[in-house]
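> Numbers given in the working numbering equal positions in the sequence shown, counted from 1, plus 5.
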Amino acid sequence: MTSEEVRKLFLDYFEKRGHRVVSSSSLIPLDDPSVLLTTAGMQQFKKYYTREKDPIKDFGTQRTASIQKCFRTTDIEEIGDETHLTFFEMLGNFSFGPVGDDDPKNFGTDGYFKRSAIYWAYEFIKSLGLEIDYVTVFGGEKNVPFDEESYKIWKEIGFPEDRILKRGREDNFWGPTGDEGPCGPTTEIYIENIEIWNLVFNEYYQDKNGNLRKLEFPGVDTGMGMERLMKVSQRTPTIFETDLFEPLNKVLENLTNKENQRKRRIVLDHLRGSVFLIADGLYPSNLERGYILRRILRRLTLALKFLEIDISKIELLIKAMIEKYAAFYPELKNFDKIKEVIFKEIINFERTLSLGLKEFNRLIKGNESDSELGEKLFLLYTSYGLPLEISKELLREEGLVWKEESQKVFEELFKKHQEISKG
Ligand code: GLY
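1) Closer than 7 Å from C-beta to any heavy atom of ligand 1: which residues, in chain order?
2) Do L322 and L253 have their CB atoms nearer than 8 Å?
3) Express the C-alpha separation of D315 and W179 in angstroms, rounding to a whole number.
4) Would you mind giving the Cβ-Cβ distance between L305 and L32, rounded to the nearest angstrom? I have them listed as a contact below 8 Å.
5) In the DSSP assignment, what residue or residues form a beta bridge with W125?
6) One question on the structure: do S376 and V414 come within less than 8 Å of each other, judged by their Cβ atoms?
7) May I ask you to list the residues that DSSP assigns as paired with M229?
8) Can you have a look at P38 and say buried or exposed, based on whether 16 or more other CB atoms are within 10 angstroms of its CB?
9) Over the uninterrupted alpha helix (DSSP H) stretch that includes P473, give me the two end residues.
10) W125 and R22: beta carbons closer than 8 Å?
11) Quick check: the stretch 362-369 against the stretch 387-404, are there 3 or more CB pairs under 8 Å?
12) Among the residues of its own chain, which have a CB less than 7 Å from the CB of T387, if the five just before and after it don't count?
13) Given this structure, state the Cα-to-Cα distance separating N148 from V225, to the nearest angstrom.
14) Quick one: measure Cβ to Cβ for N203 and E193, integer angstroms, because I've assumed they're closer than 8 Å.
15) In the DSSP assignment, what are the bridge partners of Y139?
16) In chain order, what residues of the same chain lie with their CB nearer than 7 Å to the CB of H371, ignoring the 5 residues before and after it?
17) Is DSSP giving T357 helix, strand or coil here?
18) Measure the C-alpha to C-alpha separation of F93 and P60 and round it to an integer number of angstroms.
19) Which stretch, first to last residue, makes up the alpha helix (DSSP H) that contains Q423?
20) Could you tell me which of L382, L41, V104 sits nearest to P223, measuring between CA atoms?
21) Buried or exposed: which applies to R303, given that a residue is buried once 16 or more other Cβ atoms fall within 10 Å of its Cβ?
22) Which runs of the alpha helix (DSSP H), 4 residues or longer, sit entirely within the stretch 280-344?
23) Out of G183, D176, T357, K408, state which residue places its alpha-carbon closest to the alpha-carbon of E380.
24) Based on the DSSP output, what are the partners of E146 in its beta bridges?
25) Would you be able to state if there are at least three C-beta pairs under 8 Å between the stretch 237-256 and the stretch 104-115?
26) Could you check whether G228 and K51 sit closer than 8 Å to each other, using their CB atoms as the reference points?
27) So which of R77, Q266, K344 has the shortest CA-CA distance to D86?
28) Our contact map puts D311 next to K268 with C-beta atoms below 8 Å; I'd like the distance itself, whole angstroms only.
29) Assign D106 to one of three DSSP states: helix, strand, or coil.
30) What three-state label does DSSP hand T43 in the structure shown?
31) Kindly confirm or deny that the stretch 149-169 and the stretch 10-24 touch, where touching means at least three C-beta pairs closer than 8 Å.
32) DSSP puts S388 in a beta bridge; with which residues?
33) Does the Cβ of I352 have 16 or more other Cβ atoms within 10 Å, making it buried, or fewer, making it exposed?
34) Anyone know if the C-beta pair for N198 and A284 falls short of 8 Å?
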């Protein structure tokens with residue numbers, strides 16, 4: 006099954022069950038100052054959980070479904086391994102407001118809760134021909150009790166009890182996004198030891214001080230990672246061989262014969278992420294979300310250099326990516342603008358990088374103590390403009406480890422430098 010088919014199956018499945026299909030919101034949140042970028046499907050629906058907005062008025066139903074563009078930066082330095090991504094798509098179904106008849110046979114428009122959400126998730130996964138390995142439920146911690154209801158529903162479905170695992174707050178309590186918002190216990194579906202689908206039962210609102218209060222009406226917020234789903238359904242070794250990346254892999258194959266997997270994956274992830282961010286109106290800058298884009302474009306430049314890919318050739322990668330996604334995400338159609346922003350940033354950084362790389366190779370001998378490494382990377386930063394995260398990536402290629410002590414020395418020097426510049 007292709008990713009295009011899976012997107013359609015998912016949205017059709019929930020549309021048939023009373024959900025209004027809603028387009029992905031922008032990666033740049035419209036009215037949520039608590040986050041820099043959109044990180045979850047529920048973000049555009051936050052105000053429906055708190056009743057500040059009325060789902061009936063806006064959607065004609067208390068149920069929605071979407072495939073949301075998401076961008077997470079927490080693991081940016083892990084990109085290049087088999088599992089991490091910055092940009093990804095999340096398939097989700099949502100319920101807001103008073104719960105009506107929580108029966109999976111109820112295809113109406115009223116709110117639902119745990120029973121329908123769990124039954125439907127189970128049925129949808131089975132309809133794709135996939136086998137669930139195990140599920141997890143919230144086992145209870147601090148002031149939030151064990152989610153016995155979800156546990157019982159899985160048992161009622163006939164799911165073997167020894168594969169319903171109880172987990173704590175760290176694993177099975179989700180949200181809020183940003184510093185406040187709806188949140189709650191989760192039940193999660195695992196296939197091949199990968200968390201595929203997270204069903205969040207938004208029963209609480211967490212305020213800025215971390216205090217939980219019960220929401221007037223509980224809601225449902227589910228999130229299923231598209232890339233992970235495609236990995237298990239297409240049985241590929243990693244997410245990077247799924248059809249989502251296939252057109253990019255093909256182009257890459259013709260552009261480089263370097264086998265550096267890590268750098269290839271950085272190209273796949275960062276190129277895709279940049280294209281989507283730029284299509285939503287973001288420009289690289291030194292501030293907040295603009296800096297996120299700048300960071301990934303710089304890391305992309307470095308990866309291209311390692312793979313010995315001529316910068317002008319990334320046009321082919323951008324084109325292949327847009328062709329793969331533009332039918333579902335029409336905002337990607339502005340190829341010329343996207344290309345221009347990427348080229349400009351990469352060409353600008355290329356000069357700094359070439360010089361910095363030369364100095365890095367001259368300066369770093371490989372036998373430095375932790376604090377010497379901190380000092381040297383600071384010098385590369387102040388004298389040659391080589392950003393720390395790029396130097397760290399270079400160290401990694403040399404097999405050198407950046408430790409806490411090096412970071413500390415770097416930060417101390419940085420602080421002193423700032424004080425001096427301030428006068
Ligand atoms: N909102 C559910 C998730 O991101 O997993």
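Cβ coordinates follow ideal geometry from the N, Cα and C atoms, glycine included. It should be emphasised that the depicted structure is a prediction, and the values quoted were computed from it without experimental measurement.
To lay it out plainly:
1) Going along the chain, the residues that qualify are A45, G46, M47, M95, G97, W179, G180, N203, V205, D226, T227, G228.
2) Walking along the sequence shown from the start, residue 322 turns up at place 317. Walking along the sequence shown from the start, residue 253 turns up at place 248. Result yes, Cβ atoms of L322 and L253 sit closer than 8 Å.
3) Taking the first residue of the sequence shown as 1, we reach residue 179 at position 174. Taking the first residue of the sequence shown as 1, we reach residue 315 at position 310. Here the alpha carbons of D315 and W179 stand approximately 43 Å from one another.
4) In the sequence shown, counting from the first residue as 1, residue 305 sits at position 300. In the sequence shown, counting from the first residue as 1, residue 32 sits at position 27. In this structure, L305 and L32 do not form a Cβ contact; the two beta carbons are roughly 17 Å apart against a cut-off of 8 Å.
5) Taking the first residue of the sequence shown as 1, we reach residue 125 at position 120. Beta-bridge pairing links W125 to no other residue.
6) Here residue 376 is taken as the residue at index 371 of the sequence shown, counted from 1. Here residue 414 is taken as the residue at index 409 of the sequence shown, counted from 1. Result yes, Cβ atoms of S376 and V414 sit closer than 8 Å.
7) Here the question's residue 229 lines up with position 224 in the sequence shown. Answer by DSSP bridge pairing, in chain order: L96, W202.
8) Position 33 of the sequence shown holds residue 38. That one is exposed.
9) One cannot answer for residue 473 here, as it falls past the ends of the chain, which runs 6 to 428.
10) Position 120 of the sequence shown holds residue 125. Position 17 of the sequence shown holds residue 22. Taking C-beta atoms as the reference points, W125 and R22 count as a pair closer than 8 Å.
11) Yes: at least three Cβ pairs fall under 8 Å.
12) Taking the first residue of the sequence shown as 1, we reach residue 387 at position 382. Closer than 7 Å at Cβ, skipping near neighbours: H422.
13) Working through the sequence shown from its first residue, we reach residue 148 at position 143. Working through the sequence shown from its first residue, we reach residue 225 at position 220. One C-alpha to the other measures close to 20 Å.
14) Within the sequence shown, the letter at position 198 stands for residue 203. Within the sequence shown, the letter at position 188 stands for residue 193. For a cut-off of 8 Å, the C-beta gap from N203 to E193 is around 5 Å, short enough to register as a contact.
15) The residue given as residue 139 occupies position 134 in the sequence shown. Answer by DSSP bridge pairing, in chain order: Y195.
16) Indexing the sequence shown from 1 puts residue 371 at position 366. Here residue 371 turns out to be Gly, not His, going by the sequence shown. Answer for G371: E403, L405, listed in chain order.
17) What you label residue 357 is simply residue 352 of the sequence shown in a count that begins at 1. Collapsing the DSSP output to three states places T357 in a helix.
18) Taking the first residue of the sequence shown as position 1, residue 93 is located at position 88. Taking the first residue of the sequence shown as position 1, residue 60 is located at position 55. In a straight line, the C-alpha of F93 is about 26 Å away from that of P60.
19) The residue labelled residue 423 in the question sits at position 418 within the sequence shown. For Q423, the enclosing alpha helix (DSSP H) starts and ends at 409-427.
20) Position 218 of the sequence shown holds residue 223. P223 has its Cα closest to that of V104, out of L382, L41, V104.
21) Numbered from its first residue, the sequence shown carries residue 303 at position 298. The residue in question, R303, is buried, as its Cβ has 16 or more Cβ neighbours within 10 Å.
22) Runs found: 293-311, 319-330.
23) As a first step, residue 380 must be located in the sequence shown, where it is residue number 375. Distances from the alpha-carbon of E380 to those of G183, D176, T357, K408 put K408 closest.
24) Sequence index remark: in the sequence shown, residue 146 carries index 141 (1-based). Per DSSP, V149.
25) Judged by Cβ distances under 8 Å, the stretch 104-115 makes no contact with the stretch 237-256, as fewer than three pairs qualify.
26) Numbered from 1 along the sequence shown, position 46 holds the residue referred to as residue 51. Numbered from 1 along the sequence shown, position 223 holds the residue referred to as residue 228. Not a contact, by the Cβ cut-off of 8 Å.
27) As a first step, residue 86 is located in the sequence shown; it is residue number 81 there, counting from the start. Comparing Cα-Cα distances from D86 to each of R77, Q266, K344, the minimum goes to Q266.
28) As a position in the sequence shown, residue 311 is number 306, starting the count at 1. As a position in the sequence shown, residue 268 is number 263, starting the count at 1. Note on identity: in this sequence residue 311 is Phe, with Asp being the wrong assignment. In this structure F311 is in contact with K268, their Cβ atoms being roughly 5 Å apart against a cut-off of 8 Å.
29) As a working note, residue 106 is residue 101 in the sequence shown. Looking at D106 - three-state DSSP - the assignment turns out to be coil, as it is neither helix nor strand.
30) Numbered from its first residue, the sequence shown carries residue 43 at position 38. Residue state, collapsed to three classes: coil.
31) Note that the stretch 149-169 does not touch the stretch 10-24; fewer than 3 beta-carbon pairs, one per stretch, sit closer than 8 Å.
32) Looking up residue 388 in the sequence shown gives position 383. Bridge partners of S388 according to DSSP: none are assigned.
33) For this step, residue 352 is matched to residue 347 along the sequence shown. It counts as exposed.
34) What you label residue 198 is simply residue 193 of the sequence shown in a count that begins at 1. What you label residue 284 is simply residue 279 of the sequence shown in a count that begins at 1. With a cutoff of 8 Å on beta-carbon distance, N198 and A284 are scored as not near each other.
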